[in-house]
Amino acid sequence: MRSVSLFLGHLWSLPNTLIGLFFGLGGSVTWDRENRVVVVDGGWIAETFGRRYFSGMCIGDVVICSQKLSDNIYRHELVHATQGRILGPLYLPLTLLGYAWGYLIFPQNGHDASPLETWADRASGNAESNAYLRHQRVSGKIGKP
17 MRSVSLFLGH LWSLPNTLIG LFFGLGGSVT WDRENRVVVV DGGWIAETFG
67 RRYFSGMCIG DVVICSQKLS DNIYRHELVH ATQGRILGPL YLPLTLLGYA
117 WGYLIFPQNG HDASPLETWA DRASGNAESN AYLRHQRVSG KIGKP
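Residues in the sequence shown are numbered consecutively from 17, following the numbering used here.
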């Protein structure tokens, strides 16, 4: 049953995965069998935005990195892969809406306030590195992770 649900999740996320592969064009590709994701080191999007804006991102079942990812960041990106399998073609539009929402409620770092980012940071054990969650804890709006 697990293999059927994984297959359906990968199929549901296929449009995102194709976009991720396009973004990874020109990069070094490896397959992470354990986590069932394609890892692309480099590529045109990483070269364009790379070291300046991100160290890693996940689109569908493709993790794109501009440098070797720490275990914490890689776990975070794997949560995004799971989100993509759950949300399918809705993942990218919801990501963009989440960033817009994040900048409305926390202009200092709207990325970290996005619901999908807070989900990924909590699920990957990285809640302490999330500026929005840290702000919420300090202001007493949420408890410890």
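A virtual CB, placed ideally from N, CA and C, is assigned to each residue, including glycine.
- Between residue 79 and residue 48, the CB-CB gap stays under 9 Å.
- Rounded to the nearest whole angstrom, the CA to CA distance from residue 33 to residue 56 is 12 Å.
- Taking the Cα of residue 31 as reference, the smallest distance to any Cα among 21, 106 and 50 is reached at 106.
- Exposure of residue 116 is indicated by the presence of fewer than 16 other C-beta atoms within 10 angstroms of its C-beta.
- With contacts defined by Cβ atoms closer than 9 Å, residue 61 and residue 108 do not form a contacting pair.
- Short of 7 Å from the beta carbon of residue 39, and not among the five residues preceding or following it, lie these beta carbons of its own chain, in chain order: 59, 61, 75 and 80.
- Note on geometry: alpha-carbon atoms of residue 83 and residue 98 lie some 22 Å from one another.
- Under the three-state reduction of DSSP output, residue 86 falls in the coil class, being neither helix nor strand.
- Taking the C-beta atoms as reference points, residue 93 is found no nearer than 9 Å to residue 103.
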